[in-house]
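Residue numbering for the sequence shown follows the working numbering, starting at 494 and increasing by one per position.
Every residue, glycine too, gets a C-beta built ideally from N, C-alpha and C.
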Amino acid sequence: GELRYDSRPLAALQGLDKNGRVIYLGTFSKVLFPALRMGYVVLPPALVTPFIQAKSLVDRGAPTLTQAAIADFITEGHFERHLRHLRNAYGKRQQVLIDALTNHLPSNVSFSTTPAGLHVMLYLPPYCDEAALIRQAAKVGVGVYAGAKYHLAKPAPPSILLGFSGLSEADIEEGVRRLGAIL
């Protein structure tokens with residue numbers, strides 16, 4: 494939702510719900526910092542009390558001070574500014590990745606170009622051994638994820654997932670250059 498680079502974030506399904514049947518869940522882990530481990534829920538009014546009761550059986554909630562700090566961060570406008578900064582930074586990194594993939598990979602390798610998120614899926618030729626490629630990539634200092642874990646269809650087509658959020662633009666370019674050399 495929040496990390497869309499080419500336009501405003503898509504409207505949430507919950508905003509279209511006229512019958513109070515949609516629950517909206519979110520997390521601050523990806524957009525603030527992973528250690529925060531705090532999420533949020535927007536519930537239809539009829540589900541608030543049952544949700545609170547069920548939640549109290551699982552845990553006692555996030556620390557009050559942390560909740561207050563996040564609330565202030567949001568109400569003072571810092572969260573929106575932070576999201577704009579992330580969209581700009583991650584959008585540039587994603588574009589660097591797409592440009593590098595276009596320039597350094599063979600033509601029989603394709604990739605997703607969704608202008609959102611923190612990863613790009615690379616689709617490999619049918620004869621490519623996904624596991625062997627992951628091992629080779631690691632040997633040249635490039636970390637990638639097995640795409641098979643992210644496909645419902647089995648056997649999954651050979652693919653790898655590339656993350657870009659924690660890398661500099663120069664590291665993205667160099668990593669794709671190395672990946673292209675072993676493909």
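Assumed close pair residue i, residue j - CB separation to whole angstroms, cut-off 8 Å
i: Ala-555; j: Gly-513; result: With 8 Å as the limit, Ala-555 and Gly-513 do not qualify as a contact, their Cβ atoms being about 26 Å apart.
i: Arg-671; j: Val-635; result: 5 Å
i: Leu-518; j: Gly-532; result: 6 Å
i: Gly-584; j: Tyr-498; result: 3 Å
i: Val-534; j: Ile-516; result: 6 Å
i: Leu-558; j: Gly-673; result: Between Gly-673 and Leu-558 the Cβ distance is about 48 Å, and since that is not below 8 Å, they are no contact.
i: Leu-536; j: Phe-544; result: 6 Å
DSSP-derived helix/strand/coil call for residue i
i: Ile-627; result: helix
i: Ile-653; result: strand
i: Ala-505; result: coil
i: Gly-532; result: strand
i: Tyr-620; result: coil
i: Ala-641; result: helix
N- and C-terminal bounds of the beta strand (DSSP E) containing residue i
i: Gly-519; result: 517 to 520
Start-to-end residues for the alpha helix (DSSP H) that takes in residue i
i: Arg-670; result: 662 to 675
Exercise for review: Check whether the stretch 588 to 608 touches the stretch 622 to 630, taking contact to mean three or more Cβ pairs, one atom from each stretch, closer than 8 Å.
Suggested key: no
Review point. Between the stretch 600 to 619 and the stretch 640 to 654, are three or more C-beta pairs nearer than 8 Å?
Key: yes
**Study point:** Segment contact, 8 Å Cβ cut-off, at least three pairs: the stretch 561 to 579 with the stretch 638 to 645
**Key:** no
Practice item. Ignoring anything shorter than 3 residues or poking outside the stretch 536 to 616, list the beta strand (DSSP E) runs there in chain order. Key: 612 to 616
Review point. Do the stretch 596 to 615 and the stretch 651 to 667 touch if we need at least three Cβ pairs shorter than 8 Å?
Key: yes
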